[in-house]
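Chemist:
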């Protein structure tokens with residue numbers, strides 16, 4: 037297995053994916069297999085800063101046994117915890 041050659045933008049992307057993949061604990065054979073997958077499918081990885089897009093014309097359904105939506109009444113939050121819950125929700129929306 038040798039070095040992968042790609043266009044400049046692709047090689048930057050591949051380097052970022054490899055860095056995020058944490059391959060240090062793998063042996064050489066495993067590392068080469070993962071690097072081959074990363075190289076072949078690098079466009080499927082979502083890197084920090086990438087925008088998640090959609091595919092026009094594709095719809096998705098999650099079928100359950102009854103195929104009816106499952107409705108669950110939300111739990112009430114005691115007034116004491118509302119500020120903390122709001123703070124955590126705002127933080128989750130940012131990420």
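In the working numbering, the protein residues as written are 37 to 131.
Where is the CB? At the ideal position from N, CA and C, for every residue including glycine.
None of these values were measured; they are calculated from a predicted model.
What separation, rounded to the nearest whole angstrom, lies between the Cα atoms of residue 87 and residue 102?
Modeler: Counting from one through the chain shown, the residue named residue 87 turns up at place 51. Counting from one through the chain shown, the residue named residue 102 turns up at place 66. Residue 87 and residue 102: Cα-Cα distance of roughly 34 Å.
Chemist: Measuring only from the beta carbon, is residue 127 closer than 7 Å to any heavy atom that is part of the ligand FMN?
Modeler: This structure lacks the ligand FMN; in fact it carries no ligand of any kind.
Chemist: With DSSP run on the structure shown, which of helix, strand or coil describes residue 87?
Modeler: Stepping through the chain shown from its first residue, residue 87 is reached at position 51. Residue 87 falls in the coil class under three-state DSSP.
Chemist: Distance check for residue 46 and residue 108, CA to CA, integer angstroms please.
Modeler: Locating residue 108 in the chain shown gives position 72, counting from the first residue. Locating residue 46 in the chain shown gives position 10, counting from the first residue. Approximately 45 Å between the Cα atoms of the pair.
Chemist: Among residues of its own chain, excluding the 5 on either side of residue 78, which ones have a beta-carbon nearer than 7 Å to its beta-carbon?
Modeler: Numbered from its first residue, the chain shown carries residue 78 at position 42. Closer than 7 Å at Cβ, skipping near neighbours: 46, 49, 50, 53.
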